[in-house]
Structures are given as C-alpha cells and as structure tokens.
C-alpha cells in the first residue's frame, strides 16, 4: 500500500520522519459538529457503530476537517463482549450498562469464543473497507480493541466504576474463573484484530483503560500476561499499547513486543524515554484539558511538550481521549503547532 | 493525655512500638451491621453526620467491635464546602451532588471564609468530644479533612467524575480563580483541623482523593502547594497525608512536614521505603479487595505485606476505604493477623 502520508507508520517503526505525526484519541466522534449531525440522524451511538457507511463517514471526517495524520475506525471496545454474548446498552450520562455479568462459571455461557468473527463483527470490518476507500491512501487507518483486562472489567462489573471492586473481587475469590474469561477475551480479541487487519487496518492500538486500578503484581498476572499474548500475535502491522494509569508497570510494557507505547497525560515523557531508550515509539501525551486554553497557550504547551522529546520516535497525541466540549478550532491549533514544529532528530 | 493504647501515635512519631498499629479507612460506617442499624434509624447519611451523639456512636463502634488501634471521627470531607456556602446532597448510588458550582469569580460568593468554624461545624466538634468520652482513653481519635485540591474538585465539578475535566479546565482557563478558591479552602481547612484538635482529635489525616488526575507539575502547583500550607500549620499532633494515585509526586510528599504518608494499594511499599528512608511513617496498603478472600488467604496476604516492611515506621491500613460489602469477620482476620505479627524492628 502506497500512502500520500505514512508518517505515523514510519514513526511507529522508528524510521526517519520529516516531522512528528499527530492524531487524537476519540477524534472520530465527540467534537465535530459534522459528527453530531450524522449522530443526530440515527437513533444513537450504537446504531452509528453498527452502520458501516455512517461509521466510515465519521471515521474520515477528522482527516478532511482537522488534517490528522491517521484515521481511527469509529467503533467501541464493547463490541467484543457483545459479540461473545453479553449485550450492552449505552445509557445517556451514565455510560455502558450490561444486563448480565459474568461472576460465576455458569455465566461463562455469555462469553463464547466459538463464533465467526468475520460474520458477527462484519459491520466493523465493512466500515474499515468503506473508510479506506474514502481516505484513498491519504493517511493510514488505525484499528483497535480494548485490552483483555479492561473488557474483563466491563463483563464482570457490568458498568463503569471508580473502583471496579466486583471485577477485582474475582481475582481474589476465583482466579481460575478470571483466567478462563481473560483467555477467552484474548482469543476473540486476537481474531478480531487480525480480521481488522485483513479488512484494511494499517496499524493497531490496544486500549487498557483500567490498567491503573491494579497493583503491579496483579496487573502482571491478570493484565500484562494477556496483553503480551496479543502483542505476540499481532505481527502484521505496527502495534501501539496504551495502558492508562499503569505507571508502575511502564518498565514492563516498554519491553513488550510492540512498536509504540501510549502515555497518559500524567506520565513524564523524559523519564519514560530514559527508561525505554530508542527501542520504542512513545505516543502522547498533552493533557486533554490543555485544549481549553487560549490558542496562544495551546501553542506554548504543545511546543513545550515537543521540546521535551529527545528522539524522533514520537507520535503526538493527547494523553486521553479529546473531551466532547473542546472547540474544534483549538484542536486545529494543536495540530498546526505539531505540523509547524521542526524536528531535531 | 494518657492512653491505654497509643501505638498509632508512637508509630507516627517513629518511636518504639511492640507491634504495628492497625485501623481501616472507612471503618466507621459502611461494613458493620451495628452501623447500619444506627443509619436506618435516621433519614440518611447527612443526618448521621450532623447528629453528634449518633456520629460519635458509630465512631466508637469499630473500637468496641473490631479492636482497631484508633478511632476516626465519622464525618465527610464535604462538610467544609458546605460550611463555606456550597450545599451538597448525597444521591443514592450516585454520590455527592452540588446544585451550585464555582467556575467564575462571581460564584466565589459561595466560598466564604469569614465565618465561625466552631459554630458552623459545631456538630463535628461535638461528636469528637462525645466519642472521646466514650472511648475513654482506650485509643487515640483521628480527625480529618479533604485536601484543598480534592475539595476544589467537588466545588467546581459539582459531583464525582472520572476525569474532573470541568475542574481541570479552570487550571488552564482561569488559574487565578483556581488559586483564590484553593487559598480559601486551605484557610478554612486549617481552622477546621485546629478546631478538631482543640475538640480532642489526637492525630490528623488529610485525604487527597483526586491527586492522581493531575500531572506532576500541575499537582505541585494546585495540589501540593496547599497541602504544604496545611502541613506547616498543623504542628500540634501527628499528621498523615494521603494523596491517592499521586505516584509521580511521592518523592515530594515524603519530604513534606508530616509524620506519616498514606499509600494506596497500587504503591510499592519497598520502593517507597527506599525513597523515604526512616524519615516518615508509611500507612497502608492492603488492597481492600483482598478482604473478599478466604480467611486463610487474608492471613497470607496480610503477612506478605507485613514481611515487606523494613522498618518499625508503619501503620497498617488498607490502601483505600474498606468496601461496604466486606464481611466484618474478614476484617477481624486482617486485624488479628496484624496483632499477632511479631515486629522485627
């Protein structure tokens, strides 16, 4: 595949780049009025996720309207548990909610692995194909999935939580159930990511949103072990691992078989670089709240971050998904600042 | 004041101890059936907080029923913003909710400092006096307050949040408003803590529940700066600072003018000890979810933690508040294991 702009792939692989590539987590959806228009024409978020033409449309919008260096397929990490047999709803102002949860062996019947991914998640794969047609080689398309630990959290807790104490309880009361479920999620996730690659994803990111709620030992046993299986399996395209809040485990993550490591906004880039050397690309990590500042201040804060880079191995992003009420003009200032920055390496 | 058991005060000051002292955050309230009975006899959590006789009663319950080495006054960190002029409600299954928020200079009228703490928060001070009468010198009584940053979060966001993006927005858009509000909260908090000490609190803990959502620099400017003012001001009794999730700032916190530093369950005790030397007492940090294990497993996990201590300067606790559905018998196993442990230092 020949791209007009493949900066992000080169940066991920540690190859030469003319400037740092930039994209934003949650760039598809949330902030653009053009996205809200599409969303308003449908019954809700889930219908949008499940309608390939429209999902593709909002995937491409930030490429056209913001000038990012990559698209990311518009979808949700919870399509995986749903495909396995655990349906979810998205409740306004509350977030995801599962009617059933998996807290016993008996409930494992809602965590199937024996189904045809290409069929059951065809809407995502179809959206990838349509989006690539529309992008037409301008930039690469990123596919993604939740990390097994994060998907486990939702399947066991049944909803968002500050502590995920129901999920974490299982690690103490029934670790073999936890491992069984994590293994199943991992198997399906690997198949799903490979299907995304077959459909046209040029890069993969795995999101471990709830990495930060486990201590180092438990995260190694119930989180990284399964993230590592994914890292071993995904060899076809560059892979980014983003374990939010896993500060204690960063030294382990940077040794995993991936190209890039996502950093949340609380992670020190300079310290992480000294930990990782030149072995990995770092992705991130401007505080999403920085985009509430004035244009001049956004420019200053973005340049500060860029000045802290001591390597060409960086992909610029926020340290978390862009917040819904951020002015798209502010996002453009962020992107423009990155594009104007003269790379030193 | 002569105590039958002043282990916790001696451990905080780094003096000799026969064994490690133990208590649990949220031990007053939540888990005991005897607490639920008191709570059910009143209209709700707030009435309990505001009724000194009953607040004192549930404060003393864990001393009688669990055998902890300290009592902590039953109250809420949100009594401070309420005293300043910002009323809150506690909504079942949702948490605190403020009708008004402070996001403009004009709204600072809901953040008064010019009032008589001893009068407006008399119910807390009265509860401290009654609790001490009932405890009658068996163990010390801990007073507490939220750290300015955490109180700021609630006063500006108006409710709990995963990201506190409204609170953090202000740090970028109106830092002088942030500092003004933080200064006001700090002034009131210092007066409030001194009033608690005058009323009979033998030790103070400051909780910074939302420390972990700021990057290191912002937490230094908007969090630690004000925590430090409190640490400088509270000289009468031992002081514990607990900044949950502030892993990047631990090296700064252990240098502050306090006796003890609380560690959440994700913080490595051995690494923290090597950072702090013998200058501070460490408090914590068993994962609250460990108390869902079997009795034998709780014993094993607690002994593991105790074996990791390389100093006498420890106060045993969980790494977060005890969860509501934990069996009190499991809590007793945790406490008994600590009491039976032979200290090496």
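Chains as they are written, first to last, in this note's numbering: chain A, 1 to 345; chain B, 1 to 345.
Ideal placement from N, C-alpha and C gives every residue a C-beta, glycine not left out.
- If the five residues before and after residue 42 of chain A are omitted, its C-beta is found closer than 8 Å to the C-beta atoms of 48, 51 and 54, all from its own chain and listed in chain order.
- Its chain contains 333 as the residues whose beta carbon lies nearer than 6 Å to that of residue 295 of chain B, once the 5 sequence neighbours on both sides are disregarded; these appear in chain order.
- Residue 18 of chain B sits exposed, since fewer than 16 C-beta atoms from the chains shown fall within 10 Å of its C-beta.
- Ranked by how close their Cα comes to the Cα of residue 319 of chain A, the residues A:310, A:268 and A:328 have A:268 in first place.
- Near chain A, meaning a CB-to-CB distance below 8 Å, the residues of the stretch 160 to 172 of chain B are 160, 162, 163, 165, 168, 169, 171 and 172.
- Cβ-Cβ distances below 7 Å link residue 331 of chain B to 24, 31, 66, 291 and 322 in the same chain, with the five nearest sequence neighbours on each side left out; the list follows chain order.
- Bridge pairing for residue 96 of chain B: B:90 [DSSP].
- Nearest in C-alpha terms to residue 155 of chain A, of all of A:303, A:87 and A:288, is A:87.
- Closest option to residue 80 of chain A, judged by alpha-carbon separation, among A:111, A:92 and A:90: A:111.
- Contact between the stretch 265 to 283 of chain A and the stretch 216 to 229 of chain A is absent: fewer than 3 CB-CB pairs across the two stretches fall below 8 Å.
- With contacts defined by Cβ atoms closer than 8 Å, residue 180 of chain B and residue 101 of chain B do not form a contacting pair.
- The residue from A:77, A:118, A:72 and A:275 with its alpha-carbon nearest to that of residue 131 of chain A is A:72.
- Shown here, residue 286 of chain A sits in a strand according to DSSP, grouped into three states.
- Per DSSP, residue 135 of chain A is one residue of the alpha helix (DSSP H) stretching across 122 to 135.
- Listed in chain order, the non-local C-beta contacts of residue 160 of chain A below 6 Å within the same chain comprise 95, local neighbours out to five positions each way being set aside.
- Taking 7 Å as the Cβ-Cβ cut-off, the stretch 240 to 252 of chain B approaches chain A at 247 and 248, given in chain order.
- Boundaries of the beta strand (DSSP E) harbouring residue 260 of chain A: 260 to 262, taken from the DSSP string.
- At a C-beta separation below 9 Å, residue 268 of chain A has these neighbours in chain B: 215, 216 and 248.
- A Cβ-Cβ contact shorter than 8 Å links residue 303 of chain A with residue 341 of chain A.
- Just measuring C-alpha positions, the residue of A:275, A:297 and A:260 sitting nearest residue 10 of chain A is A:260.
- With a threshold of 8 Å between beta carbons, residue 107 of chain A makes no contact with chain B.
- Residues of chain A whose Cβ lies closer than 8 Å to the Cβ of residue 265 of chain B are, in chain order, 215.
- For residue 206 of chain A, DSSP records a beta bridge to A:145 and A:241.
- Taking a contact as a CB-CB distance under 8 Å, the pair residue 305 of chain A and residue 12 of chain A does not count as one, their CB atoms being some 19 Å apart.
- Rounded to the nearest angstrom, the Cβ distance from residue 208 of chain A to residue 242 of chain A is 7 Å, consistent with a contact under 8 Å.
- Secondary structure at residue 314 of chain A: strand, using DSSP grouped into helix, strand and coil.
- C-alpha of residue 46 of chain B to C-alpha of residue 98 of chain B: approximately 14 Å in a straight line.
- In this structure residue 106 of chain A is exposed. Its beta-carbon is surrounded by fewer than 16 other beta-carbon atoms within 10 angstroms.
- Apart from the 5 residues on each side of it in sequence, residue 233 of chain B sits with its Cβ closer than 7 Å to the Cβ of 190 in its chain, given in chain order.
- Within the same chain, 77, 80, 81 and 185 come within 7 Å of residue 151 of chain A by CB-CB distance, once the 5 residues on both sides are set aside.
- In the DSSP assignment, residue 72 of chain A forms a beta bridge with A:142.
- Nearest in C-alpha terms to residue 138 of chain A, of all of A:61, A:313 and A:218, is A:61.
- Of the other Cβ atoms in all chains shown, 16 or more fall within 10 Å of the Cβ of residue 196 of chain A; this residue is therefore buried.
- For the pair residue 166 of chain A and residue 231 of chain B, the Cα-to-Cα distance works out to about 36 Å.
- Residue 58 of chain A sits in a helix when the DSSP states are folded into three classes.
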